[in-house]
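Undergrad: Okay, so the sequence shown: first residue is 15 according to my numbering, each after it adds one. Positions of the beta carbon are idealized from the N, C-alpha and C atoms, including for glycine.
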Amino acid sequence: MIALLGVLLIVALLSYVTYSYTSQETPARGGIFIEGVAGNPQYINPILCQYNEVDRDLCALIFNGLLKLDENGEWQPDLAEKWEAGPNSDVFTFTLRSDIRWHDGLRITADDVIFTVELLQDPDLPVLPDLANLWRSVIAAKIDDRTVVFRLSQPYAAFPDYVTIRWFGVLPKHYWERYKPIDIPKAQLNTQPIGSGRFRLVEIDSQHARLEPVLSQFKTPPYLDALEFRFFPDYPSILAAAEAGEVHGVRRILPEYQRQAEAIPDLQLFTSPLPGYTMILFNFDAPNAPFLADQTVRQALAYGLDREKLLRDIIPGVGQLADSPMLPNSWAYNPDIPRYPYDPQKAQSLLEEAGWGDENQDGIREKDGASLAFTILTDDAPHSIAIAQAMAQDWARIGVKVTPQPVSFTGMVTDFLLPRTFDAALVSIELYGDPDPYPLWHSTQISPKGQNFGGWQNREADILMEQARLTSNRDVRKQLYDEFQRIFATDLPALLLYYPLYTYGASTAVHNMEVGRLNEAADRFNTFERWYINTRKITRTERRTLNLDKLPGSE
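Structural data, given as structure tokens:
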């Protein structure tokens, strides 16, 4: 009997060992991904959400546009299954998918699209002024339940950008038609939205918002049961919660908190380029620094700035070296344009050529009794101040005195950029979708009419931007934009510093995470269906039977 029990024990041990060595952990369904975000939602409404980052994230997850952008920044179907641009880029026709429904089960039709356009056109609704002006120049017509035609007052090849969720999330007419436009900002529906997107909002209060995936919107069912946003007053509070294990994700790691985030043992960081650029914008009509209108002086300042050292030593991890107002991964990017590597001797030679010397040997160049000195505005973020101080040191070495002036972001826009009462400013620009530079650089857009805050006027560049808007032929637009970039790099209305990087923090408890190229921050959830927290043991035989080895991230 003792011998028999011994044999049985050995068999049991061998079976256990065999199972342990032939089985492995595999994803299991269940769990809630909790992300910490700074601030609270105000308008979970796609026509009002552009002012608030939390609103924009929620709207991108809950609603849809007619089109969306893929990882390459190309237009792809969303609510619309196809679209056509007229030969003159002033008529666009969209055909809706036949299977699209609101979260309450009702079909989405052309009536919902027309209703949303009419809201954007209404003067009583407080939408972004530029967005309202664009839509008020558009005539929208319903052809049938699935077809809508937009007729523009003038050709605009980049118009499809404005039917993506960033600017145009379609609203359900049957819920919103009961409100007058002036009353929409006060409507309870702004925090209890009925959308059409990959997630539906199931809970919300002052502390959190819980979203559950709409399974029909995913190619494969997500492992996770829900996505929850926890609202915090600031980013240090989110990082403290991450260190305590109270949240799985940190919406964004700002540059000033990079090292603190890196010190959290169980926090993994993901970095991805964001569409946009940070630049030194020169005011061509600066009353205290008229020399900034001189191309030679601007080129000297470019050669006199060590941008590589700035990105490597002063603000590591913040961005990648920039040289063009077109993004490097864009079809419009021209790699063959003038560049300005750090060359202080070249910078000093150009200043001498422009008549700026240092006769009194005080270290500051002068000309006709005026000193080569100006003020550079920056927002009050620590990394922005560090950039301005480093630039001032570099330029001091070539005889230029620069005084950094930190101000609030709101104050910079309203008190300096809009009225153009500045010498130079450290400005960050967000880009989205089509590379059209017209709103930022065309002479008709000089502030306060538009966003050309520096007042750059170049007729040749204007013509190129105008012609590029008239055609949807990409090859033609590419040729026009190549030449525009050459002019921009030569005339240098702004000195580009870097393309920004987006850093996302996530707990190591969450598996199979990745953050690819982003068009906006909400794109960090593009691969949500592959994320998982729970695991279970499974034998290799079961794994092969279930084809789990073929799942993304299963290696």
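List the DSSP bridge partners of G371.
TA: According to DSSP, which records beta bridges pairwise, G371 is partnered with E380.
Undergrad: Could you check which residue in Y452, L283, E88, G331 has the C-alpha nearest to that of I477?
TA: Taking only the C-alpha atoms, the option nearest I477 is Y452.
Undergrad: Grouping DSSP H, G and I as helix and E and B as strand, with all else coil, what is Y347?
TA: In the structure shown, Y347 sits in coil (DSSP, three-state: anything other than H, G, I, E or B).
Undergrad: Report the three-state DSSP secondary structure of S568 (helix, strand or coil).
TA: Residue placement at S568 cannot be trusted, given a pLDDT of 45 that sits under 50; the coordinates are not used to answer.
Undergrad: Classify P186 as helix, strand or coil using the three-state DSSP reduction.
TA: Reduced to three states, the DSSP call for P186 is coil.
Undergrad: Assuming G79 contacts G447 under a Cβ cut-off of 8 Å, what Cβ separation, rounded to an integer in Å, is found between them?
TA: Between G447 and G79 the Cβ distance is about 11 Å, and since that is not below 8 Å, they are no contact.
Undergrad: By alpha-carbon positions, which one of I412, A346, L283, A368 ends up nearest to P358?
TA: Comparing Cα-Cα distances from P358 to each of I412, A346, L283, A368, the minimum goes to I412.
Undergrad: Would you call the stretch 500-510 and the stretch 60-80 in contact, with 3 or more CB pairs under 8 Å?
TA: Counting Cβ pairs under 8 Å, fewer than three are found: no touch.
Undergrad: For S578, tell me which candidate among Y495, N526, A52 has the shortest Cα-Cα distance.
TA: Here the chain has residues from 15 to 569 only, and residue 578 is not among them.
Undergrad: Here's a check: name, in chain order, each residue in its chain whose Cβ is nearer than 6 Å to the Cβ of R353, leaving out the five neighbours to either side.
TA: D337, listed in sequence order.
Undergrad: Tell whether a beta-carbon distance below 8 Å holds between F129 and F173.
TA: No; because the gap between Cβ atoms is not below 8 Å, this pair is not in contact.
Undergrad: If distances are taken between C-alpha atoms only, which option among D113, T123, F542, L281 comes closest to Y518?
TA: When each option's Cα is compared against that of Y518, the closest is L281.
Undergrad: Tell me where the beta strand (DSSP E) around S442 begins and ends.
TA: Taken as a continuous stretch (DSSP letters only), the beta strand (DSSP E) holding S442 covers 438-444.
Undergrad: Would you tell me roughly how many angstroms separate the C-alpha atoms of S422 and D138, rounded to the nearest one?
TA: Roughly 29 Å separates the two Cα atoms.
Undergrad: Ignoring anything shorter than 3 residues, give me the beta strand (DSSP E) runs that lie fully in the stretch 111-189, in order along the chain.
TA: Qualifying beta strand (DSSP E) stretches, in chain order: 152-158, 161-166.
Undergrad: Taking the beta strand (DSSP E) that R434 falls in, what are its first and last residues?
TA: From DSSP, R434 is part of no beta strand (DSSP E); its letter is neither H nor E.
Undergrad: Can you check DSSP and say which residues form a bridge with F296?
TA: DSSP, once it has assigned bridges, lists A438 as partnering F296.
Undergrad: Is F502 helix, strand or coil when you go by DSSP?
TA: Helix, per DSSP.
Undergrad: Count the CB pairs spanning the stretch 431-441 and the stretch 462-473 that are closer than 8 Å, and state whether there are at least three.
TA: Yes: at least three Cβ pairs fall under 8 Å.
Undergrad: When the Cα atoms are used, what is the spatial distance from E444 to Y291?
TA: So the alpha carbons of these two residues sit roughly 7 Å apart.
Undergrad: Within the continuous alpha helix (DSSP H) that includes H397, where are the two ends?
TA: Unbroken alpha helix (DSSP H) run through H397: 396-410.
Undergrad: Is the Cβ-Cβ distance between I401 and I460 less than 8 Å?
TA: No, they are not a contact pair.
Undergrad: Mind checking who H222 pairs with in its DSSP beta bridge?
TA: Paired residue(s): R244.
Undergrad: Indicate whether L484 and S103 have their beta-carbon atoms separated by less than 8 Å.
TA: It is a contact, given that the beta carbons lie within the stated cut-off.
Undergrad: Return the bridge partner residues of L515 from the DSSP annotation.
TA: In the DSSP output, where bridge partners are listed per residue, L515 has P287.
Undergrad: Between the stretch 271-285 and the stretch 240-254, do at least 3 Cβ pairs fall closer than 8 Å?
TA: Touching, yes, given that three or more Cβ pairs across the two stretches are closer than 8 Å.
Undergrad: Grouping DSSP H, G and I as helix and E and B as strand, with all else coil, what is K463?
TA: In this structure, K463 counts as coil in the three-state DSSP scheme.
Undergrad: Would you kindly report the start and end of the unbroken beta strand (DSSP E) that includes I46?
TA: Note, I46: beta strand (DSSP E), 46-52.
Undergrad: Among residues of its own chain, excluding the 5 on either side of L283, which ones have a beta-carbon nearer than 6 Å to its beta-carbon?
TA: T517, G519.
Undergrad: Take V152 as the anchor and find which of P140, D158, L133, D376 has the nearest alpha-carbon.
TA: Closest option to V152, Cα to Cα, is L133.
Undergrad: Helix, strand or coil for A520, going by three-state DSSP, please let me know.
TA: Correct three-state label for A520: strand.
Undergrad: So, is T549 buried or exposed, given that buried needs 16 or more other C-beta atoms within 10 angstroms?
TA: Looking at its Cβ environment, which holds fewer than 16 other Cβ atoms inside 10 Å, T549 is exposed.
Undergrad: Tell me whether the beta-carbon of V261 lies closer than 8 Å to the beta-carbon of G45.
TA: Not a contact, by the Cβ cut-off of 8 Å.
Undergrad: Applying the criterion that 16 or more other CB atoms from any shown protein chain within 10 Å of the CB defines a buried residue, is K187 buried or exposed?
TA: Result: buried.
Undergrad: How far does the alpha helix (DSSP H) with T234 in it extend, from its first residue to its last?
TA: That residue, T234, is in no alpha helix (DSSP H); it is neither H nor E in DSSP.
Undergrad: To which residues does DSSP link L281 through a beta bridge?
TA: L281 pairs with S521.
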